């Protein structure tokens with residue numbers, strides 16, 4: 001019997017809430033964290049709205065020794081990992097160091113730190129660049145800093161698959177648990193909203209130019225004209241289920257199934273790989289489509305991508321066959337943080353029997369035949385949830401989560 | 001270029017700015033002969049501090065300084081700074 005990976009701790013930092021409960025309260029009520037970018041004047045950029053995390057002062061949580069060497073995304077990841085471990089009631093000092101690993105996802109790296117240092121490089125010279133630039137902007141830096149902070153020296157790594165990364169990291173964490181590691185801290189946190197980060201994101205051509213926070217980023221709507229970026233994410237504590245049970249830990253749910261696929265190259269004539277990812281994840285979880293109670297959608301907010309996702313869901317579940325939601329309409333797309341946060345949200349939905357809403361959809365496209373949970377939360381029992389994520393460049397991932405009481 | 005000499009106060013300020021301060025360490029105490037490693041500073045922290053000293057005080061520190069200047073006193077000496085007399089043990 002293969003060991004299951006149980007989620008025993010959640011740490012959330014999101015544009016609509018600092019900490020799991022603040023985020024979850026706002027999310028159930030449909031409170032959005034999307035506003036005009038405030039940290040610099042975005043007037044000259046084609047996208048001016050974003051989900052910024054407000055009220056996060058790293059110095060309140062982290063020692064001064066860490067601040068000069070960390071990007072904002074790392075500071076958030078460290079604090080979220082502290083919160084997740086506390087939530088799991090797990091003291092890393094009491095666990096053998098090689099029995100704990102760290103697997104995070106990253107989509108861009110420490111762009112705020114890096115932009116500051118690169119500006120010094122070209123305006124003042126190389127002697128002005130921080131020595132900490134050597135690692136502060138690396139993809140793997142969140143994994144490394146979490147590992148150092150908690151003395152976690154077991155199997156660790158980073159996955160870079162854009163928005164799919166938040167699931168790919170959790171899937172990889174499950175692999176380590178199946179191979180025998182007791183605890184893996186996993187998830188994704190990104191903060192790529194400074195000008196350099198925003199410009200990089202603009203290159204995808206998928207960001208909304210709309211200026212009205214009440215209308216921009218409306219996935220599956222006829223007016224969909226792109227998504228909005230956000231910052232933050234979630235860090236989860238995954239644990240060997242038998243270990244969690246033995247120590248009497250509270251279990252939010254288990255990772256029942258996971259799969260990743262890659263889209264065929266352009267011009268191949270073959271369809272995208274999303275449907276196959278979903279079907280493979282369901283098979284991995286040994287459940288039929290009918291067992292899935294709710295889907296947390298990727299929700300690209302781009303017409304043809306929305307259509308493709310709705311088509312994949314309709315093919316698996318039948319038209320309007322399962323409730324679908326996209327709480328990321330309240331945070332913006334968080335890149336590596338998005339699917340980890342969706343996973344956390346799905347587990348909270350299971351805990352409380354509430355599926356949070358999708359905002360801003362007023363004219364759902366006829367070619368998106370999905371039962372979208374719109375505007376207000378839907379109270380319902382959730383035993384199995386499916387989280388879907390797509391990354392720019394062809395990445396697809398799907399994960400089935402199972403409630404602790406469900407069999 | 002400034003002609004000002006690097007003092008221990010400058011050094012502690014630069015260490016704080018460039019690498020922060022470890023909990024449980026009092027940089028304002030008598031640290032002249034304390035190993036940087038005991039103050040919680042690794043080679044990267046010292047690399048960053050030396051870079052700032054070079055910029056601010058117009059001195060050039062050799063690559064050996066990082067490995068050889070293991071205490072604030074040795075670093076002040078290497079940077080041609082103001083070195084207080086050693087507190088000799090009796």
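Protein chains in written order, with the UniProt record's numbering: chain A, 1 to 407; chain B, 1 to 90.
Backbone N, C-alpha and C define an ideal beta-carbon position, used for all residues, glycine too.
Note that this is a predicted model, so its numbers are computed, not measured.
Exercise for the section: Determine the direct distance from the alpha carbon of residue 357 (chain A) to that of residue 378 (chain A), and round the result to whole angstroms. Expected result: Your numbering for residue 378 (chain A) matches position 378 in the first chain. Your numbering for residue 357 (chain A) matches position 357 in the first chain. Pairing residue 378 (chain A) with residue 357 (chain A), the inter-Cα distance amounts to about 7 Å.
Handout entry: 6 Å Cβ shell around residue 307 (chain A) - same chain, five flanking residues per side excluded
Key = Walking along the first chain from the start, residue 307 (chain A) turns up at place 307. Apart from the 5 residues on each side of it in sequence, residue 307 (chain A) sits with its Cβ closer than 6 Å to the Cβ of 367 in its chain, given in chain order.
Exercise for the section: Can you check DSSP and say which residues form a bridge with residue 211 (chain A)? Expected result: Here residue 211 (chain A) is taken as the residue at index 211 of the first chain, counted from 1. The partner list for residue 211 (chain A) (beta bridge, DSSP) is empty, contrary to what the question assumes.
Exercise for the section: Say whether chain A places a C-beta atom closer than 8 Å to the C-beta of residue 18 (chain B). Expected result: Reading the second chain from its first residue, position 18 is the one you call residue 18 (chain B). Yes, its Cβ sits closer than 8 Å to a Cβ of chain A.
Practice task
Specify the secondary structure class of residue 35 (chain A) as computed by DSSP and reduced to three states.
Solution key: As a working mapping, residue 35 (chain A) is identified with position 35 in the first chain. Correct three-state label for residue 35 (chain A): strand.
Problem - Beta-carbon spacing of residue 202 (chain A), residue 47 (chain A) below 8 Å - result: Locating residue 202 (chain A) in the first chain gives position 202, counting from the first residue. Locating residue 47 (chain A) in the first chain gives position 47, counting from the first residue. Result yes, Cβ atoms of residue 202 (chain A) and residue 47 (chain A) sit closer than 8 Å.
Practice task
Give a yes or no on whether the minimum CB-CB distance between residue 48 (chain B) and chain A is below 8 Å.
Solution key: Along the second chain, one-based indexing puts residue 48 (chain B) at 48. With 8 Å as the cut-off, residue 48 (chain B) counts as an interface residue toward chain A.
Exercise for the section: For residue 44 (chain B), return the contacting residues in chain A, with the cut-off set at a CB-CB distance below 9 Å. Expected result: Looking up residue 44 (chain B) in the second chain gives position 44. Those within 9 Å of residue 44 (chain B) in chain A are 69, 131, 132, 134, 135.
Handout entry: Exposure of residue 122 (chain A), with buried meaning 16 or more beta-carbon neighbours within 10 Å
Key = Position 122 of the first chain holds residue 122 (chain A). Result: exposed.
Practice task
Would you kindly check if the distance between the Cβ of residue 101 (chain A) and the Cβ of residue 233 (chain A) is under 8 Å?
Solution key: Residue numbering aside, residue 233 (chain A) sits at position 233 when the first chain is read from its first letter. Residue numbering aside, residue 101 (chain A) sits at position 101 when the first chain is read from its first letter. No. Outside cutoff.
Exercise for the section: Pair every Cβ in the segment 370 to 390 of chain A with every Cβ in the segment 292 to 300 of chain A, then say whether three or more of these pairs are closer than 8 Å. Expected result: Touching, yes.
Handout entry: Residue nearest to residue 45 (chain B) in terms of C-alpha spacing, selected from A:132, A:90, A:12, A:94
Key = Counting from one through the second chain, the residue named residue 45 (chain B) turns up at place 45. Among A:132, A:90, A:12, A:94, the Cα nearest to that of residue 45 (chain B) is on A:132.
Problem - Residue span of the alpha helix (DSSP H) that contains residue 333 (chain A), given as start and end - result: The residue given as residue 333 (chain A) occupies position 333 in the first chain. Note, residue 333 (chain A): premise wrong, no alpha helix (DSSP H); not H, not E.
Exercise for the section: Determine the burial state of residue 48 (chain B): buried for a count of at least 16 other Cβ atoms within 10 Å of its Cβ, exposed for fewer. Expected result: Your numbering for residue 48 (chain B) matches position 48 in the second chain. Buried: at least 16 other Cβ atoms inside 10 Å.
Problem - Straight-line Cα distance separating residue 33 (chain B) from residue 90 (chain B) - result: Your numbering for residue 90 (chain B) matches position 90 in the second chain. Your numbering for residue 33 (chain B) matches position 33 in the second chain. With a pLDDT of 40 at residue 90 (chain B), under the threshold of 50, the modelled position of that residue is not reliable, and no figure is offered here.
Handout entry: chain A contacts made by the UniProt domain "Carrier" (5 to 83) of chain B, where a contact means CB separation under 7 Å
Key = Answer in chain order: 18, 19, 20, 21, 22, 23, 40, 44, 47, 48, 51, 54, 55.
Practice task
Taking the CB atoms as reference points, tell me whether residue 80 (chain B) and residue 65 (chain A) lie closer together than 8 Å.
Solution key: Residue mapping note: residue 80 (chain B) aligns to position 80 of the second chain, counting from 1. Residue mapping note: residue 65 (chain A) aligns to position 65 of the first chain, counting from 1. No, these two residues do not count as a Cβ contact at 8 Å.
Handout entry: Contacting residues, own chain, Cβ-Cβ under 6 Å from residue 315 (chain A) (five flanking each side not counted)
Key = As a first step, residue 315 (chain A) must be located in the first chain, where it is residue number 315. For residue 315 (chain A), same chain residues with a beta-carbon under 6 Å away, outside a window of 5 residues either side, are 275 in chain order.
Problem - residue 123 (chain A) at chain B interface by Cβ criterion, 8 Å - result: In the first chain, residue 123 (chain A) corresponds to position 123, counting from 1. For residue 123 (chain A), the closest Cβ of chain B is not nearer than 8 Å.
Exercise for the section: Give, in chain order, every residue of the segment 40 to 70 of chain A whose Cβ lies closer than 8 Å to some Cβ of chain B. Expected result: For the segment 40 to 70 of chain A, which is checked against every Cβ of chain B, the residues closer than 8 Å are 63, 64, 65, 66, 67, 68, 69.
Exercise for the section: Measuring only between beta-carbons, confirm whether residue 92 (chain A) sits less than 8 Å from chain B. Expected result: The residue given as residue 92 (chain A) occupies position 92 in the first chain. Chain B contact via Cβ: absent.
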